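Novice: Going by my numbering, the first residue of the sequence shown is number 810, and it counts up by one from there. The beta carbon of each residue, even a glycine, is placed where N, CA and C say it ideally should be. Here the structure is a predicted model, which is why all the values come from computation and not from measurement.
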Amino acid sequence: MPSFRAPRGTRDLLPNEAARFVRFGRVARDLADRYGYRPIETPIFEQSAVFERGIGEVTDVVEKELFRIARRTEEAEAWALRPEPTAGIVRAYVQHGMQTWPQPVRLAMIGPMFRYDRPQAGRYRQFWQFDVEAIGDPGPAIDAEIIELGHRFYSEVGVTEVEVLVNSIGDKACRPAYLEALVAYYRGHLAALPPAEADRLERNALRLLDSKHPSMAVINADAPRITDHLCATCEAHFGAVRAHLDAIGVPYRVSPGLVRGLDYYTRTAFEYYVAGREGQQQALGGGGRYDGLVELLGGKPTPGIGFGLGLDRVALVLGEQSPAPEDGVPLDAVVVFTDPGASVERLRIATGLRAAGLRTRADLGRRRLGRQLEAADRDGAHFAVIVGDELQEGQVGLRDLKAGTQRLVPLSDLTRELGRAVKQHHHGEGG
Ligand code: HAM
């Protein structure tokens, strides 16, 4: 027999970890609702050109990491799995004429992304993002709204001390002159450049700035900085974004070296890190403004800004900060039994309780009562409904597993009695 395994760079989320992701999804959706970002879903694969155009041909994400789907015939369209959601969401914005909706269009998505990267801790080939986009507003206030929303996600999900790094990377007015200065600088260091970087120099010099190649760190330390080459409008925009962040109390640090790995960015760029770890660790999330992307994908010139937060990395950090596994939502009750007769009654009783909204598992096996009660306790259930001989008189046992008390309850009152007991128990916990 072959022994099958999940593909390299992917992993199964078993219940404890999956429960964590489900909770992330709830917090994300709740936040998006609170800020007025409406849900959107786009396909997990798109025409490759959406990513090539949108993200940029000369980026790691497109050049090295795109999961291309093999064509069945020559005529078939070239598809790729989405490495990130922004390009697909903007494609949808253009396709469905969302520029005629009230602007900006605020959208949010939670889902898996795919990058054929070299797997390591915190870097997977399938990973999850919480993504938010506001399309149709040039800022600066919306920039601060989005940065604050991302920051709040971390605190509500339980990650402490997340720091925001912000920068401005200019626009089409000031970027060209900066790129010239950058290319000139790298040409002066041509002999020291790794071959792949030398090759990219003329095609996309900006990518050398966020190169992961170890020997680039020294060269990049003295490279010209975009922040020193911003035009007056970009400078003013950046100042206003910072003023808005100050006004709503978001702690941030200006990071002049921050450029991001995708080509669509203009002006505001930002990343989230665990405080003090931006050297050793990959970003927990990042985003920025993309004022040219809608036009690039066939729409009218429209500004936009958004972020993507890496949920796998949030799970990693949370695992360090609070290692206890997450059990997900505990059961209210388990229906157990004393005699291993017909399972019909157990199932019928559990069905009634579930229909009334109580989280109930029925023990449908044949093991001893002691074992059943242990399992109920392990599942976090507060109560057990015990089906025994008294059922003939229309009664069942209702056992409080935490308190160790037990009483008989008429079957006809069970839903009401258990519902009341569960409510009382939640009050006792202050929730
Ligand atoms: P990104 O910086 O490429 O931006 O990815 C955002 C976040 O996704 C990263 O900060 C990281 O937490 C997570 N991430 C990226 N690659 C991996 C991986 N291989 N394994 C695990 N986690 C990963 C974007 O994707 C942009 N679409 C963000 C954005 C939205 N900009 C504007 N709107």
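If you draw a straight line from the alpha carbon of Phe1192 to that of Val867, how long is it in whole angstroms?
Specialist: Going by the C-alpha atoms only, they are around 60 Å apart.
Novice: Rank Leu890, Asp1121, Ala1142 by C-alpha distance to the C-alpha of Val1231 and give the top, closest one.
Specialist: Closest by alpha carbon: Ala1142.
Novice: Put Glu1044 into one of helix, strand or coil per three-state DSSP.
Specialist: The answer is helix: DSSP assigns Glu1044 an H, G or I state.
Novice: Specify the secondary structure class of His1009 as computed by DSSP and reduced to three states.
Specialist: As written in the sequence, residue 1009 is Arg, which differs from the His given in the question. DSSP places Arg1009 in helix when its eight states are reduced to three.
Novice: Can you list, in chain order, the residues of its chain whose CB lies under 7 Å from that of Pro928, leaving out five sequence neighbours each side?
Specialist: Hits under 7 Å: Arg817, Gly818, Arg934.
Novice: Can the beta-carbon of Tyr1099 be found closer than 7 Å to that of Leu958?
Specialist: No, they are not a contact pair.
Novice: Return the Cβ separation of Pro913 and Ile951 in integer angstroms, given the expectation that the two are a contact with Cβ distance under 8 Å.
Specialist: So it is a contact: roughly 6 Å between Cβ atoms.
Novice: Quick check: what's the CA-CA separation for Asp1008 versus Ala1014?
Specialist: The straight-line gap from Cα to Cα measures roughly 10 Å.
Novice: His1236 by DSSP, collapsed to three states: which one?
Specialist: Of the three classes helix, strand and coil, the one that applies to His1236 here is helix, per DSSP.
Novice: Roughly how many angstroms lie between the CA atoms of Gly1107 and Tyr1073, to the nearest whole one?
Specialist: Distance between the alpha carbons of Gly1107 and Tyr1073 is about 14 Å.
Novice: May I ask you to report which of helix, strand or coil DSSP gives Arg1157?
Specialist: In this structure, Arg1157 counts as helix in the three-state DSSP scheme.
Novice: Following a CB-centred definition, is Thr1077 positioned closer than 6 Å to any heavy atom of the ligand SAM?
Specialist: The model on display carries the ligand HAM but not the ligand SAM.
Novice: Round the Cβ separation of Pro949 and Val1059 to the nearest angstrom and send it over; I've been treating them as touching at under 8 Å.
Specialist: No, Pro949 and Val1059 are not in contact; Cβ-Cβ is about 13 Å, not under 8 Å.
Novice: Would you tell me roughly how many angstroms separate the C-alpha atoms of Ile978 and Gly1113, rounded to the nearest one?
Specialist: Taking the straight line joining both Cα atoms gives about 15 Å.
Novice: Is it buried or exposed, Pro894, if we count other Cβ atoms within 10 angstroms and call 16 or more buried?
Specialist: By the 10 Å Cβ count, Pro894 comes out buried.
Novice: Comparing the CB of Val1129 with every heavy atom of the ligand HAM, is any distance shorter than 6 Å?
Specialist: Checking the sequence shown, residue 1129 turns out to be Glu, not Val. For the ligand HAM, not one heavy atom lies less than 6 Å from the Cβ of Glu1129.
Novice: State yes or no: is the C-beta of Glu954 nearer than 6 Å to some heavy atom of the ligand HAM?
Specialist: Glu954 Cβ: outside cutoff for every heavy atom of the ligand HAM.
Novice: I'd like the span of the alpha helix (DSSP H) that includes Asp940, first residue to last.
Specialist: From DSSP, Asp940 is part of no alpha helix (DSSP H) but of the beta strand (DSSP E) over 935-944.
Novice: From Leu1140, Leu1017, Gly1119, Ala1041, pick the residue whose C-alpha is nearest to that of Gln869; which is it?
Specialist: Rather than Gln, the amino acid found at residue 869 in this sequence is Asp. With distances taken between Cα atoms, Asp869 lies closest to Leu1017.
Novice: Distance check for Leu1173 and Gly1117, CA to CA, integer angstroms please.
Specialist: The straight-line gap from Cα to Cα measures roughly 44 Å.
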